[in-house]
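A.B. asks: Right, I'll just put the structure down here and ask away after.
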Amino acid sequence: MPTSDIEELNASMSEIVRSEVAKPNGALPNGHDAHPANGHAANGHAANGHPTPSQVQVPPPPAAAAPREPVRLPRRIPGGFRGLTDDLDRRARDWRAIVRLMEQQRPQLEMAEIERDRLADALGRVVMEVQESGKSLKTMLDTTRSGDVSGDLAAQFTRQVGALEQLEDVTESLIANFILLRSTWEQYARSVIQAQGLRDELKPSAG
Numbered sequence: 001m002p003t004s005d006i007e008e009l010n011a012s013m014s015e016i017v018r019s020e021v022a023k024p025n026g027a028l029p030n031g032h033d034a035h036p037a038n039g040h041a042a043n044g045h046a047a048n049g050h051p052t053p054s055q056v057q058v059p060p061p062p063a064a065a066a067p068r069e070p071v072r073l074p075r076r077i078p079g080g081f082r083g084l085t086d087d088l089d090r091r092a093r094d095w096r097a098i099v100r101l102m103e104q105q106r107p108q109l110e111m112a113e114i115e116r117d118r119l120a121d122a123l124g125r126v127v128m129e130v131q132e133s134g135k136s137l138k139t140m141l142d143t144t145r146s147g148d149v150s151g152d153l154a155a156q157f158t159r160q161v162g163a164l165e166q167l168e169d170v171t172e173s174l175i176a177n178f179i180l181l182r183s184t185w186e187q188y189a190r191s192v193i194q195a196q197g198l199r200d201e202l203k204p205s206a207g
């Protein structure tokens with residue numbers, strides 16, 4: 001072989017060796033892995049299908065809970081322990097008193113409302129009777145005026161008067177019930193407002 005051919009062959013082999021040495025991770029030509037031992041698959045997964053440690057996603061640590069504010073003790077208790085006990089006793093008596101008062105007023109209010117409903121129904125019936133008796137009286141007056149005196153005109157007057165008297169009685173009862181209902185409601189409302197004030201005292205003041 002001529003000397004020039006030998007030198008050209010040596011240069012080509014040297015170039016191939018340098019290119020193979022320069023490949024990362026010792027990769028071999030034709031796409032073969034340099035470490036195919038134990039048949040591990042490519043793409044960063046082990047042969048058993050589990051991800052490699054570098055691919056395992058570690059959850060972030062839980063957020064630290066906000067520190068609780070320490071309970072601020074008062075620097076001074078007005079009246080001392082005895083004054084505190086007396087104040088609590090007074091508040092307890094106020095609560096018991098308002099509860100008893102509302103328990104007494106509630107049945108009275110309910111009874112007044114029941115009576116109002118009963119009188120309202122009675123008023124409806126009496127009004128219908130007043131209207132019907134008034135129509136009958138008017139009809140008989142018209143027939144009598146035309147010359148027909150066969151009807152019992154006195155009975156129609158009596159019926160009309162009776163219906164009007166019933167209307168008067170029911171109206172008076174409704175007025176009395178209205179006064180009682182209004183008074184009971186006002187008393188109960190004052191008790192509710194007082195109870196609300198006691199409940200507001202238990203709420204911590206803003207700021």
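For the sequence shown, counting from 1, position 101 maps to 101 in full-length UniProt numbering; every step adds exactly one.
The beta-carbon is built from N, C-alpha and C at its ideal position, and this holds for glycine as well.
What you are looking at is a predicted structure, and each value in this text was computed from that prediction instead of being measured.
DSSP three-state call for residue 78: helix, strand or coil?
C.D. replies: coil
A.B. asks: Just checking my contact of residue 195 with residue 98 at CB under 8 Å: how many whole Å lie between their CB atoms?
C.D. replies: 5 Å
A.B. asks: First and last residue of the alpha helix (DSSP H) that includes residue 150?
C.D. replies: Where residue 150 is concerned, there is no enclosing alpha helix (DSSP H), given that its DSSP letter is neither H nor E.
A.B. asks: Looking at the structure shown, is residue 236 part of a helix, part of a strand, or coil, going by DSSP?
C.D. replies: Residue coverage of the chain in this structure runs from 1 to 207, which leaves residue 236 outside it and unanswerable.
A.B. asks: Where does residue 138 fall in DSSP's three states?
C.D. replies: helix
A.B. asks: Rounding to the nearest angstrom, what Cα-Cα distance links residue 150 and residue 160 in this structure?
C.D. replies: 19 Å
A.B. asks: If I measure Cβ to Cβ from residue 76 and keep anything under 7 Å in the same chain, skipping five residues before and after, which residues do I get?
C.D. replies: Closer than 7 Å at Cβ, skipping near neighbours: no residue.
A.B. asks: Please state whether the Cβ-Cβ distance between residue 174 and residue 109 is less than 8 Å.
C.D. replies: no
A.B. asks: So for residue 68, helix, strand or coil by DSSP?
C.D. replies: coil
A.B. asks: Just the Cα atoms here: how many angstroms apart are residue 85 and residue 186?
C.D. replies: Near 34 Å, if we compare the C-alpha coordinates of residue 186 and residue 85.
A.B. asks: Quick check on residue 203: does DSSP put it in helix, strand or coil?
C.D. replies: coil
A.B. asks: Taking a contact to mean a Cβ-Cβ separation below 8 Å, would you say residue 166 touches residue 132 in this structure?
C.D. replies: Contact: no.
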